[in-house]
Structures are given as structure tokens and as C-alpha cells.
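Q: I have a structure I would like to understand better, so I am pasting it below and will then ask my questions one at a time.
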Amino acid sequence: MMTQSELALQLLIPLLAGGWALHAHRLYRRLHRVRRDPLTGLLTRDGWSRAANRVIRRHRGATVLLADLNGFKAVNDRHGHDAGDAVLAAAGERLAAWCGKNDVAGRLGGDEFVAVLAEDTRLPDRLADLAELLRQPVAHGGEQLRVGASIGAARLAELDTPTLAAALKAADSAMYRIKGRTRGGRRLLVPALAAARRLPAALANRFRLAA
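Numbering (this note's numbering), first residue to last: 24 to 234.
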């Protein structure tokens, strides 16, 4: 027959195990929310959304942007997945460098990137700089890989509902107008966001580009 101490210990073990399992599950979910994309080093969707909401709460002039790489599938198909990964990694590095100290960049998945800007001073010029930066060639395996970028932006202050979800939706619509089509494929006669331009020296020098 078990003593009271042995019986108490036997009953306690499943409780401890269950408590640890719950703790481990919560820890995994927390790490999942804040983890970074291993390819680009940028925040993934959940982590970025949390950071973006903090920026929006602190800065009334915040802007949300979405960027999609034009021609990425062709690079991936022609040169292989390693080349595609090199393009994505370069795009992530360039987006992070372009962001200001209070801005937050992320990767939503595939070739779609996102950022929240604390301030939108000189927004058209800054977006044009980003478009030019993302279209610069990426050296890989002796090749110069080139993609373009369509960028849509939405100022929170101009939205009827100034939330992150509403800003993402508006930025997504703007991005697809810039691409010249909607998600359904209907053509729209909207010019590209930015023509070729000279990049600021700080960005050009960092990536050894022609300023």
C-alpha cells in the first residue's frame, strides 16, 4: 500500500506534466507570433502586425505600405529557387535599410513585403526611392537578377476607419491599381508608381548602387 506522500506525488506528477505542456504550448505560440522570417530576417505576419499596431497607436501620421515584386516568378522559374531566395533576401535587406528608426518592415509571405511608417513626410519621394532600390539588380551565381516592384500605400489619417486592417486593405488595392490590374485580372489604366530616379547617396552607397 502506498504512503500518503507517495500517493500525493503520483497525483502531482500528471498535474505538473499538464502544466508544463500548457506552458510549452503558450511559449511556442509566443515564439511563433514574434519569430522572424529566416530568409530575410524581417518580422513575419503576426509579429509585424503587433509591432505595426504599436506604431499606429503612437503616431497619428502613420502610413502602411505593401510591396510586391514584379517579375519574381520569372526569375524563380528561370534561375531556380536559390536565385529566388537571393532576390527575396536582398529585397528584405533593402526594405529594412530604407525604413526609418521608428518604422517596421515585414514579410507577409511569397514576394509580398509590408511596412508601417511612423511619419509620412515626403511620402511620394520615399516610395519612389524604395521602388528604385528594389529594382536594382541582385548578383547571384554570375547573373544579375532583376525584378521590379509595385508599391501601394495608405495613410491612416485618410481612412474612415483608421485601423491596421483597413490600412492593409487600402494599401493592397492601391498596389494592384499600380500593377495595372485588380486581383480579378481586370485591366486598369494606372501608370506605374515611379519612373527611374537617382537614389539618395546613403542608400546607394550602402548597396554599392549608382547614385
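In this text, a Cβ means the ideal position worked out from N, Cα and C, and glycines have one as well.
Between the alpha carbons of Leu111 and Pro185, how many angstroms are there, rounded?
A: So the alpha carbons of these two residues sit roughly 30 Å apart.
Q: If we count the other Cβ atoms within 10 Å of its Cβ and call it buried at 16 or more, is Thr63 buried or exposed?
A: buried
Q: Could you give the distance in angstroms between the alpha-carbon of Arg83 and the alpha-carbon of Ala180?
A: 7 Å
Q: Any idea what DSSP makes of Leu65, helix, strand or coil?
A: coil
Q: Rounded C-beta distance between Asp126 and Ala141? I'm assuming under 8 Å.
A: 6 Å
Q: Who are the Cβ neighbours of Ala189 in its own chain at under 7 Å, not counting the five residues just before and after it?
A: Leu182
Q: Report the option in Glu166, Val170, Asp143, Gly164 whose CA atom is closest to the CA atom of Leu156.
A: Val170
Q: Does the distance from the C-beta atom of Glu135 to that of Leu191 stay below 8 Å?
A: Not in contact: Glu135 and Leu191 (Cβ atoms no closer than 8 Å).
Q: Hey, how far is the Cα of Ser173 from the Cα of Leu131?
A: Their Cα atoms are separated by approximately 15 Å.
Q: So, with DSSP's three-state summary, where would you put Gly175?
A: strand
Q: Put Gly70 into one of helix, strand or coil per three-state DSSP.
A: helix
Q: Considering only residues of the region 91-172, which uninterrupted alpha helix (DSSP H) runs meet the minimum length of 4 residues and lie entirely inside it, listed in chain order?
A: 95-102, 104-121, 146-157
Q: Alpha carbons only, please: which of Ala177, Pro61, Val98 is nearest the one belonging to Val137?
A: Closest option to Val137, Cα to Cα, is Ala177.
Q: Which value, in whole angstroms, describes the spacing of the CA atoms of Arg59 and Gly70?
A: Distance between the alpha carbons of Arg59 and Gly70: 8 Å.
Q: Count the other C-beta atoms from every protein chain shown that fall within 10 angstroms of the C-beta of Gly123, then say buried if there are 16 or more, exposed otherwise.
A: exposed
Q: If you compare alpha carbons, which of Thr144, Trp121, Tyr199, Arg145 is closest to Leu153?
A: Trp121
Q: Can you name the residues that DSSP bridges to Thr86?
A: Leu140, Arg178
Q: Compute the Euclidean distance between the alpha carbons of Gly175 and Arg158, then round it to the nearest angstrom.
A: Between Gly175 and Arg158, the C-alpha separation is close to 16 Å.
Q: Per DSSP, which one or two residues make a beta bridge with Arg59?
A: Leu66
Q: Where do the ends of the alpha helix (DSSP H) carrying Asp195 lie?
A: From DSSP, the alpha helix (DSSP H) with Asp195 extends over 187-201.
Q: Quick one: what's got a C-beta closer than 6 Å to Arg81's C-beta in the same chain, skipping five residues either side?
A: There are no such residues.
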